Structure formats: structure tokens, C-alpha cells
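Structure record follows, encoded as C-alpha cells.
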Amino acid sequence: MLHILKSITALEEVNKVYLDTDILLLIQDAVYAVNPLHRTYPLLKKFNILVLKSDLEARGILNRVSPSINVVDYEGFVDLTVEHATSLTWD
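Using the numbering used here, you'd call the opening residue of the sequence shown number -8 and step up by one each time.
Given below as C-alpha cells:
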């Protein structure tokens, strides 16, 4: 399943239903979590994480992304929705 997370709160909540085969795509304010200095960064270790490049750029934090995090553009976002039969968006 593809989980699309829009907020830090959503990142903290998704842990309840996350499976090892799932993917998390961080968008909007959830992208702050990929900064290694952010308080929620340690939570990311147990997830398969991708982050939307345009939201990183909009918040001026593209240069603060951990090297272990994969960044995708809108085309990559579309590809993810095609690859996964189900998706869930978290506010």
C-alpha cells in the first residue's frame, strides 16, 4: 500500500497500520521529517520513505534531506500511484 502523508502527526499515526511492504510518500508539511535534525527523523528508520521534491523546494529544505531518503518528482508520484493498487492519504 502507498501511504501519502501530509503532516508530521500523520507520520506518528501511520505506524499503527504500516506493513513492511508499504511505502510512505511524504508531501506538504510531512517533508520536514526528512531533516536529520527534526524530532521525528528517528521514526523514519522503520519505514520505506520517499519525499516529494517540489514540497522540499517550496519549504527551502531540499539541501537538508538525509542522503538515505529518496526524493521523487511529480512523475515519480504518479508512478507510485500506478504501481500500488491501493493508497491512503493521511492529513
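Idealized CB from N, CA, C, for every residue including glycine.
These numbers were taken from a predicted model, which means no experiment stands behind them.
Within the same chain, and ignoring the five residues on either side of Ile14 in sequence, the residues whose Cβ sits closer than 6 Å to its Cβ are Leu(-7), Asn39. Listed as beta-bridge partners of Ser78 by DSSP are Leu(-7). Out of Asn26, Val42, Ser45, Val22, the CA that lies nearest to the CA of Thr0 is found in Val22. For Ile(-1), there is no enclosing beta strand (DSSP E); the residue is found in the alpha helix (DSSP H) stretching over -1 to 5. Residue nearest to Val62 within the set Asn26, Leu10, Asn6 is Asn26 (criterion: CA-CA distance).
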